[in-house]
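4 protein chains.
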Amino acid sequence: MSEHGYNQRKRKRSEEELKKLSNRLCRIEGQVRGLREMLQKDVYCTDILTQVSAVNAALNSFSRELLSEHLRTCVAERIRQGDDEVIDELMSVLQKLMK
Amino acid sequence: MSEHGYNQRKRKRSEEELKKLSNRLCRIEGQVRGLREMLQKDVYCTDILTQVSAVNAALNSFSRELLSEHLRTCVAERIRQGDDEVIDELMSVLQKLMK
Amino acid sequence: MSEHGYNQRKRKRSEEELKKLSNRLCRIEGQVRGLREMLQKDVYCTDILTQVSAVNAALNSFSRELLSEHLRTCVAERIRQGDDEVIDELMSVLQKLMK
Amino acid sequence: MSEHGYNQRKRKRSEEELKKLSNRLCRIEGQVRGLREMLQKDVYCTDILTQVSAVNAALNSFSRELLSEHLRTCVAERIRQGDDEVIDELMSVLQKLMK
Numbered sequence: 254m255s256e257h258g259y260n261q262r263k264r265k266r267s268e269e270e271l272k273k274l275s276n277r278l279c280r281i282e283g284q285v286r287g288l289r290e291m292l293q294k295d296v297y298c299t300d301i302l303t304q305v306s307a308v309n310a311a312l313n314s315f316s317r318e319l320l321s322e323h324l325r326t327c328v329a330e331r332i333r334q335g336d337d338e339v340i341d342e343l344m345s346v347l348q349k350l351m352k
Numbered sequence: 254m255s256e257h258g259y260n261q262r263k264r265k266r267s268e269e270e271l272k273k274l275s276n277r278l279c280r281i282e283g284q285v286r287g288l289r290e291m292l293q294k295d296v297y298c299t300d301i302l303t304q305v306s307a308v309n310a311a312l313n314s315f316s317r318e319l320l321s322e323h324l325r326t327c328v329a330e331r332i333r334q335g336d337d338e339v340i341d342e343l344m345s346v347l348q349k350l351m352k
Numbered sequence: 254m255s256e257h258g259y260n261q262r263k264r265k266r267s268e269e270e271l272k273k274l275s276n277r278l279c280r281i282e283g284q285v286r287g288l289r290e291m292l293q294k295d296v297y298c299t300d301i302l303t304q305v306s307a308v309n310a311a312l313n314s315f316s317r318e319l320l321s322e323h324l325r326t327c328v329a330e331r332i333r334q335g336d337d338e339v340i341d342e343l344m345s346v347l348q349k350l351m352k
Numbered sequence: 254m255s256e257h258g259y260n261q262r263k264r265k266r267s268e269e270e271l272k273k274l275s276n277r278l279c280r281i282e283g284q285v286r287g288l289r290e291m292l293q294k295d296v297y298c299t300d301i302l303t304q305v306s307a308v309n310a311a312l313n314s315f316s317r318e319l320l321s322e323h324l325r326t327c328v329a330e331r332i333r334q335g336d337d338e339v340i341d342e343l344m345s346v347l348q349k350l351m352k
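Heads up: the sequence lines are chains A, B, C and D, in that order.
Heads up, our numbering is the position in the first sequence plus 253, with the first residue counted as 1.
Heads up, our numbering is the position in the second sequence plus 253, with the first residue counted as 1.
Heads up, our numbering is the position in the third sequence plus 253, with the first residue counted as 1.
Heads up, our numbering is the position in the fourth sequence plus 253, with the first residue counted as 1.
1. Out of A:Glu269, A:Arg289 and A:Leu312, which one is the CA nearest neighbour of A:Leu278?
2. Got a sec: is the Cβ-Cβ distance from D:Ser314 to anything in chain C below 7 Å?
3. Does DSSP put C:Lys349 in a helix, a strand or coil?
4. Give the interface partners of C:Glu282 over in chain D, defined as CB-CB distance under 7 Å, in chain order.
5. Based on Cα-Cα distance, which residue from A:Leu343, A:Lys263, A:Leu288 and A:Arg331 lies nearest to A:Val308?
6. Taking D:Met291 as the reference, give the member of C:Arg262, C:Tyr297 and C:Met351 with the closest Cα.
7. For C:Glu330, tell me which candidate among B:His323, B:Ile340, B:Ser321 and B:Gly283 has the shortest Cα-Cα distance.
8. Can you give the Cα-Cα distance for C:Val328 and A:Arg280, rounded to whole angstroms?
9. Note down the Cα distance separating C:Arg264 from A:Leu350, rounded to an integer number of angstroms.
10. Using CA coordinates, which residue listed in C:Val346, C:Gly335 and C:Gln304 is at the minimum distance from C:His323?
11. Identify, in the order they occur along the chain, each residue of the same chain with its Cβ nearer than 8 Å to the Cβ of B:Glu270, setting aside the five sequence neighbours on each side.
12. Just the C-alpha distance for D:Val305 and D:Glu268, rounded to the nearest angstrom, thanks.
13. For D:Lys265, does the three-state DSSP call read helix, strand or coil?
14. Any beta-carbon of chain A closer than 7 Å to the one on B:Asn309?
15. Strictly below 7 Å CB to CB, what residues from chain C border D:Ser267?
16. Just the Cα atoms here: how many angstroms apart are D:Thr303 and D:Gly283?
17. What's the gap between the Cα of B:Val285 and the Cα of A:Asn276?
18. Determine, for D:Glu256, whether the minimum Cβ-Cβ distance to residues of chain A falls below 7 Å.
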């Protein structure tokens, strides 16, 4: 673990992948900002909650995209190199995402 | 439905409630921005995914807070006034949140 | 709390409601038994996992049905009687179901 | 796809693994039967819903156990054999489980 609370392993992403993932996060950031504006405008509770479920769905899509890239690259490569520790790490993060 | 995609019913919140809910959303916005920075810094996939699950948990806390206020005020009041349509609206939003 | 781990409050359901809810549970029991048979027949992991997600969906439908009845009867009645403790109980169970 | 709705790929499990997984499913079956008895005994809605969330948690534990075995055996082996189609199948089932 580094001082930033995550280990030092890195993962270089392609320009294209980086752009696609960043764009998704920008949209999610905008959706969260939108929730704050809804609060300011006294929007009705159930309308805000419906929008929260849309943000959750967008976050899940981002997770799936990142997870899919992770499986296709890091996981496949490390398994081919005989480093099966990658599976423990994967299960540990899936446990958090499947809750 | 208004032009903004949600109906015109309003809900005036107290200063204190508004502040508490807005603060939660500010923190979530910061967490999403943090995810974007993690991507830029080539942080490893599972570390980003772990952080995504933290954002999901924070969004769920926000939902529960808002839902709790909604039950205690709008739902209770409208049921007392004999307006049971509030229950259909509630079930419809819970269905989205329980998915 | 009773010796059975739940409190003594009761809820009389109509014949029709009882039948509808029991039928759903019978089907879910059959699905779980089906999972066990899949294991015995050496069915491939992802096919079993797909079926598990179907059982989860069926359980969620049962929850929503029961929750909807609960809101329309117990919750509405107790709120009309001024017993707002029903809302705390509801939030506590929703917290478990929204995880 | 076979006439039973799942493809013919098989997965031989060890006696020990089979027993562990079957035992979990037996307990879940018992829990679902218990839900039906709670209905018959007019148990209060929120007590039943709390028990439903326990069944959901047990099903998730079963999924994780099976998924973990799947990753350690089928997925690792097929990746080593160069059969990356296993990753598409995995993502497709994770998508269902992460909903």
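Backbone N, C-alpha and C define an ideal beta-carbon position, used for all residues, glycine too.
These numbers come from a predicted model, not from an experiment.
The structure says:
1. Position 25 of the first sequence, counted from the first residue, corresponds to residue 278 of chain A. The residue with the shortest Cα to Cα distance from A:Leu278 is A:Leu312.
2. Indexing the fourth sequence from 1 puts residue 314 of chain D at position 61. So no, D:Ser314 is outside the interface.
3. Position 96 of the third sequence, counted from the start, is the residue given in the question as residue 349 of chain C. DSSP places C:Lys349 in helix when its eight states are reduced to three.
4. Looking up residue 282 of chain C in the third sequence gives position 29. The answer, in chain order, is Glu282, Val285 and Arg286.
5. Position 55 of the first sequence, counting from 1, holds the residue named residue 308 of chain A. Out of A:Leu343, A:Lys263, A:Leu288 and A:Arg331, A:Leu288 has the C-alpha closest to the C-alpha of A:Val308.
6. Mapped onto the fourth sequence, residue 291 of chain D falls at position 38. If we check each option's Cα against that of D:Met291, C:Arg262 comes out closest.
7. Here residue 330 of chain C corresponds to residue number 77 of the third sequence, with the count starting at 1. Among B:His323, B:Ile340, B:Ser321 and B:Gly283, the Cα nearest to that of C:Glu330 is on B:Ile340.
8. The residue labelled residue 328 of chain C in the question sits at position 75 within the third sequence. The residue labelled residue 280 of chain A in the question sits at position 27 within the first sequence. Taking the straight line joining both Cα atoms gives about 38 Å.
9. Within the third sequence, numbered from 1, the residue matching residue 264 of chain C stands at position 11. Within the first sequence, numbered from 1, the residue matching residue 350 of chain A stands at position 97. Rounded to whole angstroms, C:Arg264 to A:Leu350 spans 36 Å at the Cα level.
10. Your numbering for residue 323 of chain C matches position 70 in the third sequence. Nearest C-alpha to C:His323: C:Val346.
11. Locating residue 270 of chain B in the second sequence gives position 17, counting from the first residue. The answer, listed in chain order, is Glu322.
12. As a first step, residue 305 of chain D is located in the fourth sequence; it is residue number 52 there, counting from the start. As a first step, residue 268 of chain D is located in the fourth sequence; it is residue number 15 there, counting from the start. Near 30 Å, if we compare the C-alpha coordinates of D:Glu268 and D:Val305.
13. Position 12 of the fourth sequence, counting from 1, holds the residue named residue 265 of chain D. Of the three classes helix, strand and coil, the one that applies to D:Lys265 here is coil, per DSSP.
14. As a first step, residue 309 of chain B is located in the second sequence; it is residue number 56 there, counting from the start. Yes, because at least one Cβ of chain A sits closer than 7 Å to the Cβ of B:Asn309.
15. Taking the first residue of the fourth sequence as position 1, residue 267 of chain D is located at position 14. Neighbours of D:Ser267 on chain C: none; closest Cβ ~11 Å, over 7 Å.
16. Start at 1 with the first residue of the fourth sequence, and residue 303 of chain D comes out as number 50. Start at 1 with the first residue of the fourth sequence, and residue 283 of chain D comes out as number 30. One C-alpha to the other measures close to 16 Å.
17. The count along the second sequence starts at 1 and reaches residue 285 of chain B at position 32. The count along the first sequence starts at 1 and reaches residue 276 of chain A at position 23. Those two C-alpha atoms are separated by around 12 Å.
18. Taking the first residue of the fourth sequence as position 1, residue 256 of chain D is located at position 3. Only weak support exists for where D:Glu256 lies, its pLDDT of 45 falling under 50; the value from the coordinates is given anyway. D:Glu256 does not count as touching chain A.
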